[in-house]
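Position one of the sequence shown corresponds to residue 1 (the numbering used here), numbered consecutively onward. Working notes, structure below.
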Amino acid sequence: MANFSPGFLDEVLSRTDIVELIGRHVELKRSGSNLMGLCPFHHEKTPSFSVSPDKQLYYCFGCGKGGGAFQFLMDHDGLSFPEAVEYLAEKAGLEIPRADRASPESKSRNRLALQMLDAAAQAFARALHGPQGEKARRYLRDRGMPDAIVRDYVLGYAPPGYGFMQKVFAGQGREAQTLARLEVLGLLFRGEHGYGDRFRDRLMFAIRDRRGQVVGFGGRVLGEGEPKYLNSPETPWFHKSELLYGYAEHRDTIRRRRQLVVVEGYMDVLALAAHELKIGLAPLGTAISERQIREILRLCDAPVFCFDGDRAGRQAAWRALERMLPLLKAEYAPRFLYLPEGEDPDSLLRTEGGEAFERRMQRDAQPVLQ
Numbered sequence: 001m002a003n004f005s006p007g008f009l010d011e012v013l014s015r016t017d018i019v020e021l022i023g024r025h026v027e028l029k030r031s032g033s034n035l036m037g038l039c040p041f042h043h044e045k046t047p048s049f050s051v052s053p054d055k056q057l058y059y060c061f062g063c064g065k066g067g068g069a070f071q072f073l074m075d076h077d078g079l080s081f082p083e084a085v086e087y088l089a090e091k092a093g094l095e096i097p098r099a100d101r102a103s104p105e106s107k108s109r110n111r112l113a114l115q116m117l118d119a120a121a122q123a124f125a126r127a128l129h130g131p132q133g134e135k136a137r138r139y140l141r142d143r144g145m146p147d148a149i150v151r152d153y154v155l156g157y158a159p160p161g162y163g164f165m166q167k168v169f170a171g172q173g174r175e176a177q178t179l180a181r182l183e184v185l186g187l188l189f190r191g192e193h194g195y196g197d198r199f200r201d202r203l204m205f206a207i208r209d210r211r212g213q214v215v216g217f218g219g220r221v222l223g224e225g226e227p228k229y230l231n232s233p234e235t236p237w238f239h240k241s242e243l244l245y246g247y248a249e250h251r252d253t254i255r256r257r258r259q260l261v262v263v264e265g266y267m268d269v270l271a272l273a274a275h276e277l278k279i280g281l282a283p284l285g286t287a288i289s290e291r292q293i294r295e296i297l298r299l300c301d302a303p304v305f306c307f308d309g310d311r312a313g314r315q316a317a318w319r320a321l322e323r324m325l326p327l328l329k330a331e332y333a334p335r336f337l338y339l340p341e342g343e344d345p346d347s348l349l350r351t352e353g354g355e356a357f358e359r360r361m362q363r364d365a366q367p368v369l370q
């Protein structure tokens, strides 16, 4: 466990402006000596969330949440205390004074890895809009996906063949070292005849962690082929059972609206967003984990689970229910929305529209506990 000295914690806080930190997520307006805004932790129409520049503290008179800069990151971003301290220390340009801190070499490797993952996302995005991306662009048009969604969620395309990633990173350091790094990041695999691209001829979805950093990818096959969806393998940055697609993009909206819809796939999340419902999250596969359910319940106490209207979707709903029941407390009110046979959120949104889908949720979602 991290052991930060009181003096170091005070130094981090002295270099952190809580108004600037919270102001990235909450619109604050001056009210006397404090600032007020709508609470990011519960739904409200009248601002009851107060931030004190003098005391460097926040408090919500509606739900009772309050604290300082570290606590805000823990409550809002789901960071642990050491993660919150390290995040603010890094922003302030302070060195972590503890024996078990990562070495400068380790930090440099981590930064490089995240930069390479982001560069890969940008390369996939460029390929989507290039000559080879026509099939993927047509697929997105047929699904009614607006250009703004394609841009904002950094959708991309992995061309066919085995040399795309090697071309993207050609000339960046020693070739053998670069190829080895790309393998560790899950972008290449090594076969009998050398390295090849893991993702080929697939629509690409950039997957972000809680801090909004690209840590991996999901790829949907275009045309025939298996598997239909392929995710990055487990890496030091990508842990499938801990991540939720859409979390970084939708966290603030979910908290503000106090609405969350858990859906089965990437396209369901994007279809909701395309209909002004930026409240969708998806596990990276149908087998939702206990950790993902804990994260969902921490973010919203009344989520709606809405999986596909087929046998696999019903099985996914049952597994989610089994994992959720031991975690439920009195303040939680999860519901399940069962869709008509053969339908999924994406298809219903295209035929019904966003408002009708919201009405369906309000009308038909069944509570877990009655």
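All C-beta atoms, glycine included, are put in the ideal place defined by N, C-alpha and C. Note that the coordinates shown come from a computational prediction; the quantities given were computed from them, not determined experimentally.
Query: Between the C-alpha atoms of Leu281 and Phe307, what's the straight-line distance to the nearest angstrom?; Result: 11 Å
Query: What residue does the beta strand (DSSP E) around Tyr195 start on, and which one ends it?; Result: 194-197
Query: Using the three-state DSSP reduction, which class does Tyr266 fall into: helix, strand or coil?; Result: helix
Query: I think Gly186 touches Pro233, with their Cβ atoms under 8 Å apart; what is that distance to the nearest whole Å?; Result: 5 Å
Query: Tell me where the beta strand (DSSP E) around Tyr229 begins and ends.; Result: 229-231
Query: What residue does the alpha helix (DSSP H) around Ser14 start on, and which one ends it?; Result: 6-14
Query: Measuring straight from C-alpha to C-alpha, what distance separates Val214 and Arg256?; Result: 24 Å
Query: Buried or exposed: where does Phe72 fall if 16 or more other Cβ atoms within 10 Å of its Cβ makes it buried?; Result: buried
Query: Within 10 angstroms of its Cβ, does Gln259 collect 16 or more other Cβ (buried), or is it exposed?; Result: buried
Query: Return yes when the Cβ of Ala136 is within less than 8 Å of the Cβ of Tyr157, no when it is not.; Result: yes
Query: Just verifying my parser: in three-state terms, what is the DSSP assignment at Lys91?; Result: helix
Query: By DSSP, does Gly133 sit in helix, in strand, or in coil?; Result: helix
Query: Pull up the distance between the alpha-carbon of Phe357 and that of Leu270, whole angstroms please.; Result: 14 Å
Query: Based on DSSP bridge pairs, tell me the residues matched to Arg200.; Result: Per DSSP, none; premise fails for Arg200.
Query: Would you call the segment 83-98 in contact with the segment 116-124, where contact means no fewer than 3 C-beta pairs closer than 8 Å?; Result: no
Query: With H, G and I counted as helix, E and B as strand and the rest as coil, what does DSSP make of Phe307?; Result: coil
Query: Within this structure, are the beta carbons of Glu263 and Pro345 separated by less than 8 Å?; Result: The sequence shown places Val at residue 263, not Glu. Closer than 8 Å, so yes.
Query: Beta strand (DSSP E) containing Gly218: first to last residue?; Result: 214-221
Query: Identify whether Val19 lies in helix, strand or coil by the three-state DSSP scheme.; Result: helix
Query: Give me the Cβ distance between Pro47 and Leu57, rounded to the nearest whole Å; I'm assuming they're in contact under 8 Å.; Result: At roughly 16 Å, the Cβ-Cβ gap does not stay under 8 Å, so Pro47 and Leu57 are not in contact.
Query: Drop a sphere of 10 angstroms on the beta-carbon of Gly194, count the other beta-carbons inside from all chains shown, and report buried for 16 or more, exposed for fewer.; Result: exposed
Query: Where in the segment 268-343 do unbroken runs of the beta strand (DSSP E), each at least 3 residues long, occur, reported from the N-terminal end onward?; Result: 280-283
Query: Quick check on the burial criterion: 16 or more other C-beta atoms within 10 angstroms. Buried or exposed for Ser106?; Result: exposed
Query: Are there any heavy atoms of the ligand SAM lying less than 7 Å away from the beta-carbon of Ala92, as far as the coordinates show?; Result: The model depicted lacks the ligand SAM and carries no ligand whatsoever.
Query: CB-CB under 7 Å to Cys60, same chain, minus the five flanking residues each way: which ones, in chain order?; Result: Cys39, Phe41, Ser48, Phe49, Gly66
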